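In what follows, a single structure is set out as structure tokens and then discussed.
Number of protein chains: 2
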Amino acid sequence: MSTAAPRATGQDHLWSVDEHLEDILTTVRPLEPIELNLLDAQGCVLVDDITVPVSLPPFDNSSMDGYAVRVADVAGASEEFPAVLDVIGDVAAGQAGLLQVGPGQAARIMTGAPLPPGAEAVVPVEWTDGGLGEGPVAAMRARSLAPEAAGGQVRVHRPAEARAHVRAKGSDVQAGDRALDAGTILGPPQIALLAAIGRGTVRVRPRPRVVVMSTGSELVQPDEELAAGQIYDSNSFALTAAARDAGAIAYRVGAVADDAETLRTAIEDQLVRADLMVTTGGVSVGAYDVVKEALAHVADEDEPGSGVEFRRLAMQPGKPQGFGSIGPDHTPLLALPGNPVSSYVSFELFVRPAIRTLMGLTDVHRPTTRATLSADRPLTSPKGRRQFLRGRYADGAVTPVGGAGSHLVAALARADALIVVPEDVESVAPGADVEVVLLG
Amino acid sequence: MSTAAPRATGQDHLWSVDEHLEDILTTVRPLEPIELNLLDAQGCVLVDDITVPVSLPPFDNSSMDGYAVRVADVAGASEEFPAVLDVIGDVAAGQAGLLQVGPGQAARIMTGAPLPPGAEAVVPVEWTDGGLGEGPVAAMRARSLAPEAAGGQVRVHRPAEARAHVRAKGSDVQAGDRALDAGTILGPPQIALLAAIGRGTVRVRPRPRVVVMSTGSELVQPDEELAAGQIYDSNSFALTAAARDAGAIAYRVGAVADDAETLRTAIEDQLVRADLMVTTGGVSVGAYDVVKEALAHVADEDEPGSGVEFRRLAMQPGKPQGFGSIGPDHTPLLALPGNPVSSYVSFELFVRPAIRTLMGLTDVHRPTTRATLSADRPLTSPKGRRQFLRGRYADGAVTPVGGAGSHLVAALARADALIVVPEDVESVAPGADVEVVLLG
Numbered sequence: 002m003s004t005a006a007p008r009a010t011g012q013d014h015l016w017s018v019d020e021h022l023e024d025i026l027t028t029v030r031p032l033e034p035i036e037l038n039l040l041d042a043q044g045c046v047l048v049d050d051i052t053v054p055v056s057l058p059p060f061d062n063s064s065m066d067g068y069a070v071r072v073a074d075v076a077g078a079s080e081e082f083p084a085v086l087d088v089i090g091d092v093a094a095g096q097a098g099l100l101q102v103g104p105g106q107a108a109r110i111m112t113g114a115p116l117p118p119g120a121e122a123v124v125p126v127e128w129t130d131g132g133l134g135e136g137p138v139a140a141m142r143a144r145s146l147a148p149e150a151a152g153g154q155v156r157v158h159r160p161a162e163a164r165a166h167v168r169a170k171g172s173d174v175q176a177g178d179r180a181l182d183a184g185t186i187l188g189p190p191q192i193a194l195l196a197a198i199g200r201g202t203v204r205v206r207p208r209p210r211v212v213v214m215s216t217g218s219e220l221v222q223p224d225e226e227l228a229a230g231q232i233y234d235s236n237s238f239a240l241t242a243a244a245r246d247a248g249a250i251a252y253r254v255g256a257v258a259d260d261a262e263t264l265r266t267a268i269e270d271q272l273v274r275a276d277l278m279v280t281t282g283g284v285s286v287g288a289y290d291v292v293k294e295a296l297a298h299v300a301d302e303d304e305p306g307s308g309v310e311f312r313r314l315a316m317q318p319g320k321p322q323g324f325g326s327i328g329p330d331h332t333p334l335l336a337l338p339g340n341p342v343s344s345y346v347s348f349e350l351f352v353r354p355a356i357r358t359l360m361g362l363t364d365v366h367r368p369t370t371r372a373t374l375s376a377d378r379p380l381t382s383p384k385g386r387r388q389f390l391r392g393r394y395a396d397g398a399v400t401p402v403g404g405a406g407s408h409l410v411a412a413l414a415r416a417d418a419l420i421v422v423p424e425d426v427e428s429v430a431p432g433a434d435v436e437v438v439l440l441g
Numbered sequence: 002m003s004t005a006a007p008r009a010t011g012q013d014h015l016w017s018v019d020e021h022l023e024d025i026l027t028t029v030r031p032l033e034p035i036e037l038n039l040l041d042a043q044g045c046v047l048v049d050d051i052t053v054p055v056s057l058p059p060f061d062n063s064s065m066d067g068y069a070v071r072v073a074d075v076a077g078a079s080e081e082f083p084a085v086l087d088v089i090g091d092v093a094a095g096q097a098g099l100l101q102v103g104p105g106q107a108a109r110i111m112t113g114a115p116l117p118p119g120a121e122a123v124v125p126v127e128w129t130d131g132g133l134g135e136g137p138v139a140a141m142r143a144r145s146l147a148p149e150a151a152g153g154q155v156r157v158h159r160p161a162e163a164r165a166h167v168r169a170k171g172s173d174v175q176a177g178d179r180a181l182d183a184g185t186i187l188g189p190p191q192i193a194l195l196a197a198i199g200r201g202t203v204r205v206r207p208r209p210r211v212v213v214m215s216t217g218s219e220l221v222q223p224d225e226e227l228a229a230g231q232i233y234d235s236n237s238f239a240l241t242a243a244a245r246d247a248g249a250i251a252y253r254v255g256a257v258a259d260d261a262e263t264l265r266t267a268i269e270d271q272l273v274r275a276d277l278m279v280t281t282g283g284v285s286v287g288a289y290d291v292v293k294e295a296l297a298h299v300a301d302e303d304e305p306g307s308g309v310e311f312r313r314l315a316m317q318p319g320k321p322q323g324f325g326s327i328g329p330d331h332t333p334l335l336a337l338p339g340n341p342v343s344s345y346v347s348f349e350l351f352v353r354p355a356i357r358t359l360m361g362l363t364d365v366h367r368p369t370t371r372a373t374l375s376a377d378r379p380l381t382s383p384k385g386r387r388q389f390l391r392g393r394y395a396d397g398a399v400t401p402v403g404g405a406g407s408h409l410v411a412a413l414a415r416a417d418a419l420i421v422v423p424e425d426v427e428s429v430a431p432g433a434d435v436e437v438v439l440l441g
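Going down the list, the sequences are from chains A and B.
Going by our numbering, the first residue of the first sequence is number 2, and it counts up by one from there.
Going by our numbering, the first residue of the second sequence is number 2, and it counts up by one from there.
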């Protein structure tokens with residue numbers, strides 16, 4: 002790390018939420034693709050179009066447990082006048098090439114087993130006597146208990162058309178078809194298809210590794226004793242959980258004390274496992290705001306634009322924010338404010354979209370909706386700042402929970418939405434229509 | 002495992018989807034709670050009500066970087082006629098008990114730091130000269146660069162009311178308040194609150210361990226060579242992914258051949274790590290349906306009602322189903338049919354709710370909605386069976402993808418919804434109102 006010239010934008014510029022977000026989203030690039038085992042790629046974004054290498058099913062096969070027959074042999078068959086056929090053996094799933102069905106013959110066949118040569122249709126076992134000579138049966142006898150049922154004779158009670166109960170080769174997908182498009186998110190059904198066409202690995206953008214570090218000499222690990230002036234560290238827990246929720250592999254680093262050198266070392270130590278660094282605290286105007294102190298003048302001289310810039314944003318909570326990149330790999334870093342609600346709201350607005358951009362997703366934002374404000378009195382908001390209040394959303398209405406204070410963690414835990422009050426609005430009356438971010 | 006009497010319900014009973022589901026949901030019980038580290042409990046259900054042990058914040062503290070002052074000392078202050086106070090030192094976050102603010106004095110104070118005795122309010126640094134004697138400043142100088150700023154004099158340009166910029170002890174939550182109710186699902190904001198009140202561990206119902214095993218001698222592992230009559234195993238991949246998606250810790254067991262003894266051994270080997278067993282294939286009426294063969298007569302004689310029962314369900318796809326419990330711990334087992342679409346739909350309808358019941362969730366089902374059928378021709382459905390067709394849902398309309406065939410994996414990968422055709426409906430016209438299960 003070394004000192005570089007400050008960026009073009011000055012310290013006095015008050016950034017809008019949208020400007021800050023745009024800076025992040027145009028700077029952060031999707032991670033390089035890697036080849037992953039299918040189940041490790043769950044939730045990841047496919048990089049290449051996938052073409053079907055082999056038709057599905059790969060061969061004509063039976064869709065029922067029954068008998069593979071020639072159509073002419075069962076024409077006109079009924080329970081009163083069954084077609085009597087010689088059973089030449091079993092075709093189980095996974096078998097092939099053993100039997101040939103000739104005139105007057107049938108092969109007992111299982112669901113998914115290949116239609117043997119000579120056979121033209123399958124009659125379900127329920128349309129036969131199952132070889133027992135005593136009227137229709139509901140099921141075959143198990144091979145292991147009654148091996149003789151693979152021979153003898155079977156009475157067929159109904160005719161079958163050509164191809165009846167036969168799944169044609171390629172009826173699901175044909176070799177050469179497009180199975181999945183690049184950009185597809187791999188959920189269970191997409192994983193099913195990839196496995197079905199024989200793909201055991203797949204090239205995707207990996208889940209980003211996110212290191213979450215809280216800063217503050219006042220922070221104590223939960224379950225330890227609080228001394229005077231101390232509070233428990235909650236940000237590193239909350240944001241690690243939120244990063245996982247966003248799709249990342251997240252590593253929580255315990256609270257780091259307010260000392261610039263300690264912090265710099267801690268960050269450098271973590272860079273090796275980070276695709277994205279997130280810090281909380283130490284970004285404001287105080288004399289001990291060491292994140293700012295440690296990172297504001299850190300950049301790679303050879304890389305214009307690298308380094309971390311600290312900004313004032315026209316928003317509440319979350320006015321002070323830092324963003325930039327650090328280390329030899331120019332790892333993106335978001336430095337969030339330290340108040341629990343400020344850091345959580347900042348995560349939702351800025352870090353979550355950054356994580357989802359790293360994953361290669363195009364839909365990186367939380368869904369928003371319009372809702373009717375349900376409140377006893379007007380919401381007030383400072384002019385010129387976009388305010389994000391915590392709320393509960395249900396059935397088209399949103400109710401604020403807790404106040405605007407950025408230390409109100411208990412209210413945050415009851416919220417499932419953020420109520421957005423635009424920059425040019427200072428008061429919102431009950432019953433008004435407001436924008437709501439759904440926290441999902 | 003030993004032989005037991007069959008259950009009361011006979012083999013001939015045709016079960017409705019609802020009867021089968023009810024049997025599963027009344028049999029499967031939530032897992033016993035365990036104490037987990039906070040971040041390991043993400044997504045889990047809280048077992049106990051959680052009470053706040055210590056008020057938050059635990060002490061009066063500053064909401065701004067600024068100066069802790071006595072109200073009388075700054076009364077009437079302005080930029081023209083500033084109040085000039087002696088700075089007696091810094092109060093950083095995490096410090097306490099070092100300073101006492103007397104008349105004519107101020108302590109430089111950081112956000113989150115405890116209000117020192119004697120002080121009644123905080124004036125933000127932006128309302129002062131920051132000790133520089135040159136008009137209002139935007140920020141404090143870093144302690145490490147300008148230690149002298151913790152002393153000297155500060156000019157305050159504005160008065161402050163009592164308690165201005167002070168967060169009162171207990172203004173977030175009070176000791177004794179209910180923090181979270183039993184039954185709460187622990188997302189990031191709830192984890193934030195638990196950490197903030199000092200809880201490092203929490204008693205929750207753990208994620209269920211689900212073992213997924215596909216059966217079939219025709220199944221080949223992806224990336225291997227297909228011989229004649231073979232297909233790739235996709236069910237074990239799809240359902241492992243789906244189980245993880247539902248909240249489980251899922252273990253995939255590769256395809257097991259159609260041999261009852263091999264299968265029994267494979268299942269017994271897995272029981273040690275299973276809270277729920279899921280198999281696919283081998284449950285129908287064929288001569289090689291070994292899941293049925295291996296499990297239909299397996300039960301603990303001492304436990305009435307244990308054992309696995311195989312049923313015909315009035316649904317399509319997914320007619321043959323097995324459900325029961327096995328092994329010394331009566332581990333629940335769902336035996337799903339082997340066709341990929343059948344097993345996937347069965348998972349959504351029966352296994353996912355079972356997993357979520359094990360987790361202690363009360364909302365165990367996928368959301369459903371009504372939609373307008375967008376199709377070129379009517380959907381047909383067999384009488385007396387509830388049909389689940391794959392579809393794509395958007396903006397109140399649902400469009401079928403692929404046909405009804407239970408082997409159509411490619412169509413499944415393009416679907417995001419199931420179209421439900423009730424038992425008593427045989428045809429649904431385009432434009433009709435249908436029930437839709439949203440696969441999320």
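Every residue gets a Cβ at the ideal spot worked out from N, C-alpha and C, and that includes glycine.
Everything numeric in this text was worked out from a predicted model, so none of it was measured.
- In this structure, A/MET214 is the residue among A/ASP290, A/MET214, A/ALA243 and A/LEU314 with its C-alpha nearest to the C-alpha of A/THR280.
- Between A/VAL155 and A/VAL70, the gap from beta carbon to beta carbon reaches 7 Å or more.
- Straight through space, the alpha carbons of A/SER344 and A/ILE25 are spaced by roughly 16 Å.
- Taking a cut-off of 8 Å on C-beta distances, the region 345-365 of chain A does not touch the region 421-431 of chain A, as fewer than three cross pairs fall below it.
- Taking a beta-carbon distance threshold of 7 Å, B/GLY199 counts as an interface residue toward chain A.
- Between A/ARG391 and A/VAL399, the C-beta gap is not smaller than 7 Å, which leaves the two residues out of contact.
- Among the bridge pairs identified by DSSP, B/ASP91 is matched with B/ARG109.
- Considering only beta carbons, the part of the region 162-181 of chain B lying closer than 8 Å to chain A consists of ARG168, SER172, ASP173, VAL174, ASP178, ALA180 and LEU181, in chain order.
- At the C-beta level, A/ALA151 and A/GLY103 stay beyond 7 Å of one another.
- In this chain, B/ASN340 is not harboured by any alpha helix (DSSP H), its DSSP state being neither H nor E.
- When CB distances to chain B are screened at a threshold of 9 Å, the residues of the region 206-223 of chain A falling below it are GLY217, SER218, GLU219, LEU220, VAL221, GLN222 and PRO223, in chain order.
- Within 8 Å of the CB of B/VAL126, the CB atoms of chain A belong to VAL286 and GLY287, in sequence order along the chain.
- Beta-carbon to beta-carbon, A/GLY188 and B/ASP49 are separated by about 34 Å, too far to satisfy the 8 Å threshold.
- Counted as a single uninterrupted DSSP element, the stretch harbouring B/ASP270 is not any beta strand (DSSP E) but the alpha helix (DSSP H) occupying residues 261-271.
- The beta carbon of B/VAL309 does not come within 7 Å of any beta carbon belonging to chain A, so the residue lies off that interface.
- DSSP, read as helix, strand or coil, puts B/THR370 in strand.
- Bounds of the beta strand (DSSP E) holding A/THR216 are 210-216.
- Under the Cβ criterion of 7 Å, A/ILE35 is not counted among the residues facing chain B.
- When the five nearest sequence neighbours on each side are left out, the beta carbons in the same chain lying within less than 7 Å of the beta carbon of A/LEU100 are those of ILE89, GLY90, VAL92, ALA108 and PRO117, in order along the chain.
- Of the candidates B/ALA84, B/GLN231 and B/ALA288, B/ALA84 places its Cα closest to the Cα of B/HIS158.
- Residue range 72-75 is occupied by the alpha helix (DSSP H) that includes A/ALA73.
- Sorting A/ASP61, A/PRO341, A/GLY325 and A/VAL174 by C-alpha distance to the C-alpha of B/ALA229 places A/ASP61 at the top.
- Residue environment: B/PRO329 is assigned as exposed (fewer than 16 neighbouring CB atoms within 10 Å of its CB, all protein chains considered).
- By the C-beta criterion, the region 220-236 of chain A is judged not to be in contact with the region 175-183 of chain B, since fewer than 3 inter-stretch pairs fall below 8 Å.
- Rounded to the nearest angstrom, the gap between the Cα atoms of B/GLY77 and A/PRO318 is 30 Å.
- For B/TYR68, no CB of chain A lies under 7 Å from its own CB, so it is not counted at the interface with that chain.
- At a cut-off of 7 Å between beta-carbon atoms, A/VAL429 makes no contact with chain B.
- Residue range 236-247 is occupied by the alpha helix (DSSP H) that includes B/PHE238, with no beta strand (DSSP E) assigned at that position.
- With respect to the C-alpha of B/LEU22, the residue from B/ALA412, B/THR241, B/HIS366 and B/LEU440 having the closest C-alpha is B/HIS366.
- If you ignore the 5 residues before and after A/ARG206, its C-beta comes within less than 7 Å of the C-beta of PRO31, LEU32, PRO34, CYS45, VAL46, VAL48, MET360 and GLY361, all in its own chain and listed in chain order.
- In the three-state scheme derived from DSSP, where H, G and I count as helix and E and B as strand, A/ARG353 is classed as helix.
- Going by beta carbons, B/GLN191 and A/ALA414 fall inside the 7 Å limit.
- Counting along the chain, the unbroken alpha helix (DSSP H) around B/VAL292 starts and ends at 291-296.
- B/ALA418: member of the beta strand (DSSP E) spanning 418-422, first to last residue.
- In this structure, the alpha-carbon of A/GLU436 lies about 22 Å from that of B/ALA395.
- Counting of Cβ neighbours within 10 angstroms places B/PRO368 among the exposed residues, the total staying below 16.
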